[in-house]
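Student: First the structure, which I've put down as structure tokens, then a few questions once you've had a look.
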Amino acid sequence: MLLSATCLSVYNWEDSFLRDEQIEDLASDVAFIKQLTLETLTCKSCQKRLRIDQKIPGVIYCTCPDSKPSNTEVDGWKPFIERSNTLVWRKEHETYKGLYAYKMYARFETVKAMDFLRAQLDTNFRKQWDTSATQLKIIEENKETNTDLVYWEMRWPKPFANRDYVFERKLTFIPKENVCVISSLATSHPSIPVNKSVHRVTEYWSYMVVKPFIDFEKPGTEFVLTYFDNPGLSIPSSVSTWVAMTGI
């Protein structure tokens, strides 16, 4: 197991929001990405990739004068942005109009899935490369459920206040699907009260499905990250894109 146990807990782990049966339903997310790519990012005529916001070197794009995908969206998911080895879709929230959930797919030919998981779970390592993380620490850990509680303060551009999160994070291996899921959901903890100078995000969830090409200890990894958070205010589209990519 990648997470260790806590000696003394003040958190009610029995009321955990993250249930194994719900998490196992997420194992098919990698297959869903293939459907999204085929239906929303593939030209019906030539079967080549459609451009989203910019062209990426090495990708062969459609040049048809009237190029169209089979569908502009699937279950509400629409193409949003593309970066090297990375595709992002977004879906408008049913209740909070103007806010979106994001679904990102990426693949790495030379990275082992187990090394990738360790990097995702290592808060100290993230602080080395993520300049937006002003604070990031594990509050408590529970070995029995392979779950921990994390505090994260995220630097926002001026004039906005920083955002912070307290969330439960669970690691679930699903051997029959050869995937691992890191799922997170906002919660609260008595040792981390609300700071008036920082906006506490109370509506946040994410799940990352990590799948090796062959084996967790061999090179070749792909993953799907789906997440939503409510920043608590209306923000310009340029800032929302920054928030989306920083959260991803």
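Under our numbering, read the sequence shown as residues 2 to 249, first letter to last.
C-beta atoms are modelled at their ideal positions from N, C-alpha and C, and glycine is treated no differently.
Residue 90 and residue 79: beta carbons closer than 8 Å?
Tutor: Yes. Within cutoff.
Student: Going by the CB atoms, is the gap between residue 222 and residue 114 shorter than 8 Å?
Tutor: Yes. Within cutoff.
Student: Could you give the distance in angstroms between the alpha-carbon of residue 162 and the alpha-carbon of residue 44?
Tutor: So the alpha carbons of these two residues sit roughly 43 Å apart.
Student: Under 8 Å by Cβ, that's how I've got residue 25 and residue 175 pegged, so tell me the actual separation to the nearest angstrom.
Tutor: Right, their Cβ atoms sit about 6 Å apart.
Student: Please state if the CB of residue 200 and the CB of residue 156 are separated by a distance shorter than 8 Å.
Tutor: Their beta carbons are not under 8 Å apart, which means residue 156 does not touch residue 200 by this criterion.
Student: Out of curiosity, what's the CA-to-CA distance linking residue 126 and residue 120?
Tutor: Cα to Cα, the separation comes out at about 7 Å.
Student: Is it true that the CB of residue 208 sits closer than 8 Å to the CB of residue 182?
Tutor: Cβ atoms of residue 182 and residue 208: closer than 8 Å.
Student: Let me make sure I understand the geometry here. Which of 171, 147, 190 has the alpha-carbon closest to that of residue 206?
Tutor: Out of 171, 147, 190, 171 has the C-alpha closest to the C-alpha of residue 206.
Student: Flag residue 23 as yes when its Cβ comes closer than 7 Å to any non-hydrogen atom of the ligand NAD, and as no otherwise.
Tutor: The ligand NAD is not part of the structure shown, which contains no ligands of any sort.
Student: Per DSSP, residue 103 forms a beta bridge with which residues?
Tutor: In DSSP, residue 103 forms a bridge with 91, 228.
Student: Quick one: give me the first and last residue of the alpha helix (DSSP H) that residue 43 is part of.
Tutor: Residue 43 -> no alpha helix (DSSP H), and no H or E assigned at all.
Student: State the Cα-Cα distance for the pair residue 61 and residue 178, rounded to the nearest angstrom.
Tutor: For residue 61 and residue 178, the distance between alpha carbons rounds to 31 Å.
Student: Should residue 158 be labelled buried (16 or more other beta-carbon atoms within 10 Å of its own) or exposed?
Tutor: The residue in question, residue 158, is exposed, as its Cβ has fewer than 16 Cβ neighbours within 10 Å.
Student: Could you check the C-alpha separation between residue 30 and residue 65 for me, to the nearest Å?
Tutor: Going by the C-alpha atoms only, they are around 30 Å apart.
Student: Since residue 141 contacts residue 149 with CB under 8 Å, what's their CB separation in whole angstroms?
Tutor: That belief holds up - the Cβ atoms of residue 141 and residue 149 are roughly 7 Å apart, short of 8 Å.
Student: Can you tell me whether residue 111 is helix, strand or coil according to DSSP?
Tutor: Residue state, collapsed to three classes: strand.
Student: To the nearest angstrom, how far is the alpha carbon of residue 192 from that of residue 122?
Tutor: Roughly 21 Å between the two C-alpha positions.
Student: Run through the DSSP bridge pairs and tell me what residue 220 is partnered with.
Tutor: Residue 220 is bridged to 113.
Student: By DSSP, does residue 176 sit in helix, in strand, or in coil?
Tutor: Of the three classes helix, strand and coil, the one that applies to residue 176 here is helix, per DSSP.
Student: Drop a sphere of 10 angstroms on the beta-carbon of residue 83, count the other beta-carbons inside from all chains shown, and report buried for 16 or more, exposed for fewer.
Tutor: Buried: at least 16 other Cβ atoms inside 10 Å.
Student: Among 151, 173, 147, which residue has its Cα nearest to the Cα of residue 189?
Tutor: Comparing Cα-Cα distances from residue 189 to each of 151, 173, 147, the minimum goes to 151.
Student: Tell me, to the nearest whole angstrom, how far the beta carbon of residue 225 is from that of residue 28; I am working on the premise that it is less than 8 Å.
Tutor: Actually they do not touch by this definition, with Cβ atoms about 10 Å apart.
Student: What's the call for residue 110, buried or exposed, on a 16-neighbour Cβ count within 10 Å?
Tutor: That one is exposed.
Student: Here's the rule: buried if 16 or more other CB atoms are within 10 angstroms of the residue's CB, otherwise exposed. What is residue 230?
Tutor: With 16 or more other Cβ atoms within 10 Å, it is buried.
Student: Where do the ends of the beta strand (DSSP E) carrying residue 143 lie?
Tutor: 134–143 is the extent of the beta strand (DSSP E) around residue 143.
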